[in-house]
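Engineer: Protein chains in written order, with our numbering: chain R, 1 to 72; chain D, 1001 to 1667. One structure, pasted below without further comment.
See the structure below:
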């Protein structure tokens, strides 16, 4: 299984789960990152990190370290 | 009085609605986290008064940062008569996530679909009647900004008060596994004394809410962690995911059912203007340079538009001053009164007030930036760079807010989830040059550096930010080590800034600037004027007056940094009460020479010592209100620490600049 931080810009993927031990699991869930939802990686900030993604019709930014907790 | 709470996601327009309902001027902006405190106001409607409470935005009832705790505790503990759940109609799905949880508490809820005009323009159609039916509460479409349909909202809310239900927790259908887990936990905690409803607490335990877990532990159930883990493991075995994920997932399933056939979007796929703009503004290569250019333009514009206005204001105040003293002499007022009005009021307070237009221009421009949606982008663009320094992207936002005033800058550190990030953000914020320091730079720039005004001003701000960042790095390496932080932030949609909003914000700031001049600076000028004329008989504003003697006593401290005059020392001291008073004090003390403030400064400073003085002003001990805010947000010790360390940093920086300048042959 891949993690979201490895996904190329422009690619769309479906969420399979969230790393059980991640300390931001709840934050991700309340922002709408739940199993089965489609995420598109829209771009990255200067220096390649954080990234910005779109899901459920809105834009979210997160660091690669956090994206690593999202299984796709 | 009846309490009506405004609850909703960050940036859904709660404060804008609050302002419209209560005719207030709370700070609003287009980025998540503008409001970090509970604010109250009064709505007057048909001879009745209602208490409206504006709350910080939350995404769910699971709080993780300081501002979120405020909102959650208000909803659950204070039990307001009605909750208006403000929803951003352009982002309805994610906004309803909070709604599902509020509905579970069975309080009196009215849903306000805000920004409905914007959603409609983007091709979203919402069948309100159907949505009402499914949610089981009244839904009203509004535009808080354009004040559309607010009467209907108010009427609906009032009706809701009249038909008040008793609150009673009724959970969503989370499936048998979760619900039996909730029942099991509920029976375990049934004898606990808790401020929250038991069923809700049981659900929160399955969501691994550490705060709730601690509450339960404190009331006697010591092994709650193990019990929850056991139930959670059972659920995970049965359903593949742990209880926390299942609960969130079921909520989103419920939302899909609510919105099915009643929310439709037409142009979902098309790349919008905002997406294209983001490709440039947050670009890998251009993102940071664009940020720098935007800030430079901000300062250049402040000068080009503001300077003309300031000259006019200065001339206006001066002419009133002349008329006033002529009038006073005419009615035979005593010499002392005339001298005080000339020296203290017009040369002192007047010097500060003449900068009002310029400060207003700056607040207007910052308001435009805040309303456009750029602030969140700035945090996003700067986060990586900030992380090299052990800081957080949102720290940068608190610094940009500090450009207006350090007090809200420090308050906005509440949005940082992590204690370490929050403390550092508060401690370094005073180095960000606030609006009140602006007049001081302007006086000195006007006197010595007329060729490159905007650039000098811009570099002062940059130096402030660099010093803040360096100190941030130092603190994260020494005082607050090791805590992990994270960065998950919503990017708001770009919006054309509302001239009304921005103007209101500017007028609000202008009002408080004006008020400060009257309430703080004027009385202080009275005291200083007295001290600089006493004992009577000494030459006024001379070093033999009491004020002069105090100044002479402190002045040697600043000899090494280039401005060891007693006037400078006294001004700096008054600057700790309010930064604007530096200009007022100088205006009064130098007015004695009968020349303009600018000329007096040229006479008493050299370009090099002026530079050193500006750096010192930029960095030294923040004003008393800022220190009080640090005391409130952290504690007394940190406030004292801030007062001292900023002074030391300022002295060292000025000493370095002044002495290197001397060696290089500047003067």
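Where is the CB? At the ideal position from N, CA and C, for every residue including glycine.
Tell me whether residue 1246(D) counts as near the ligand ATP, meaning its Cβ is closer than 7 Å to at least one heavy atom of that ligand.
Structural biologist: Ligands displayed in this structure: none; no statement on the ligand ATP is therefore possible.
Engineer: Below 7 Å CB to CB, which residues in the same chain sit around residue 1002(D) once its five sequence neighbours on both sides are set aside?
Structural biologist: 1050, 1051, 1081 and 1161
Engineer: How would you write the range of the beta strand (DSSP E) that residue 54(R) sits in, first residue to last?
Structural biologist: 51-55
Engineer: Could you tell me the alpha carbon to alpha carbon distance between residue 1587(D) and residue 1343(D), rounded to whole angstroms?
Structural biologist: Rounded to whole angstroms, residue 1587(D) to residue 1343(D) spans 8 Å at the Cα level.
Engineer: Counting only beta-carbon atoms, is residue 17(R) nearer than 8 Å to chain D?
Structural biologist: yes
Engineer: Might you give, ordered along the chain, the residues of its own chain that have their beta carbon closer than 7 Å to the beta carbon of residue 1571(D), omitting 5 neighbours on each side?
Structural biologist: 1582, 1585 and 1586
Engineer: Measure the beta-carbon distance from residue 1042(D) to residue 1493(D) and round it to whole angstroms, keeping in mind my assumption that it falls under 8 Å.
Structural biologist: Not a contact, Cβ separation roughly 32 Å.
Engineer: Please report the distance separating the alpha-carbon of residue 34(R) from that of residue 54(R).
Structural biologist: 13 Å
Engineer: In the DSSP assignment, what residue or residues form a beta bridge with residue 1141(D)?
Structural biologist: 1113(D)
Engineer: Within the 8 Å Cβ cut-off, does residue 1242(D) reach chain R?
Structural biologist: yes
Engineer: Roughly how many whole angstroms lie between the Cα atoms of residue 1197(D) and residue 1238(D)?
Structural biologist: When rounded, the distance between both Cα atoms is 28 Å.
Engineer: Quick check on this structure: which residue in 1354(D), 1368(D), 1569(D) and 1323(D) has the alpha carbon closest to the alpha carbon of residue 1312(D)?
Structural biologist: Looking at the Cα atoms, 1354(D) is the closest of the given residues.
Engineer: Whole angstroms are fine: how far does the CA of residue 1628(D) sit from the CA of residue 1635(D)?
Structural biologist: 9 Å
Engineer: Please state whether DSSP places residue 1041(D) in a helix, a strand or coil.
Structural biologist: strand
Engineer: Starting from residue 1086(D), follow the beta strand (DSSP E) in both directions and report where the run begins and ends.
Structural biologist: 1082-1088
Engineer: Less than 8 Å between the CB atoms is what I'm expecting for residue 1390(D) and residue 1473(D), so what's the real figure, rounded?
Structural biologist: 6 Å
Engineer: Please identify the residue among 70(R), 71(R), 7(R) and 61(R) whose C-alpha is closest to the C-alpha of residue 1384(D).
Structural biologist: 61(R)
Engineer: Could you check how far apart the C-beta atoms of residue 1055(D) and residue 1070(D) are, in whole angstroms? I think they sit under 8 Å.
Structural biologist: That belief holds up - the Cβ atoms of residue 1055(D) and residue 1070(D) are roughly 7 Å apart, short of 8 Å.
Engineer: Would you call residue 1022(D) buried or exposed, if buried means 16 or more other Cβ atoms sit within 10 Å of its Cβ?
Structural biologist: buried
Engineer: So for residue 1536(D), helix, strand or coil by DSSP?
Structural biologist: DSSP places residue 1536(D) within a strand segment (E or B) once states are collapsed to three.
Engineer: Please list the segments of the beta strand (DSSP E) lying wholly inside the region 1476-1544 of chain D, counting only runs of 3 or more residues, in order along the chain.
Structural biologist: 1488-1491
Engineer: In the DSSP assignment, what are the bridge partners of residue 61(R)?
Structural biologist: BP columns for residue 61(R) point to 52(R) and 1489(D).
Engineer: Measuring only the C-alpha atoms, how far is residue 1382(D) from residue 1290(D)?
Structural biologist: 12 Å
Engineer: Between the region 1475-1505 of chain D and chain R, which residues of the former have CB atoms less than 9 Å from a CB of the latter, in chain order?
Structural biologist: Residues are counted here when their Cβ sits less than 9 Å from a Cβ of chain R; for the region 1475-1505 of chain D these are 1484, 1486, 1487, 1488, 1489, 1490, 1491, 1492 and 1493, given in chain order.
Engineer: Quick one: is residue 10(R) near chain D, going by C-beta distance under 8 Å?
Structural biologist: no
Engineer: Should residue 1139(D) be flagged as near chain R, meaning a C-beta pair shorter than 8 Å?
Structural biologist: no
Engineer: So with CB distances below 9 Å, who are the chain D contacts of residue 52(R)?
Structural biologist: 1278, 1282, 1380 and 1491
Engineer: Taking buried to mean at least 16 other C-beta atoms within 10 Å of its own C-beta, is residue 1599(D) buried or exposed?
Structural biologist: exposed
Engineer: Residues of chain D with CB closer than 8 Å to the CB of residue 24(R), please, in chain order.
Structural biologist: Within chain D, the residues near residue 24(R) are 1486 and 1488.
Engineer: For residue 1127(D), collect the residues of the same chain with a Cβ closer than 8 Å to its Cβ; drop the 5 residues on either side in sequence, then sort them by chain order.
Structural biologist: 1261, 1262 and 1263
Engineer: So with CB distances below 8 Å, who are the chain R contacts of residue 1245(D)?
Structural biologist: 17, 18, 25, 29, 34 and 35
Engineer: When we look at the beta-carbon of residue 1316(D) and count the other beta-carbons within 10 Å, is it buried (16 or more) or exposed?
Structural biologist: exposed
Engineer: Taking the beta carbon of residue 1280(D) as the centre, do at least 16 other beta carbons fall within 10 Å, making it buried, or is it exposed?
Structural biologist: exposed
Engineer: With DSSP as the reference, label residue 1222(D) as helix, strand or coil.
Structural biologist: coil
Engineer: In the region 1546-1575 of chain D, which residue ranges form an unbroken alpha helix (DSSP H) of at least 4 residues, counting only runs that do not cross its ends?
Structural biologist: 1546-1554 and 1566-1575
Engineer: To the nearest angstrom, how far is the alpha carbon of residue 1646(D) from that of residue 1397(D)?
Structural biologist: 21 Å
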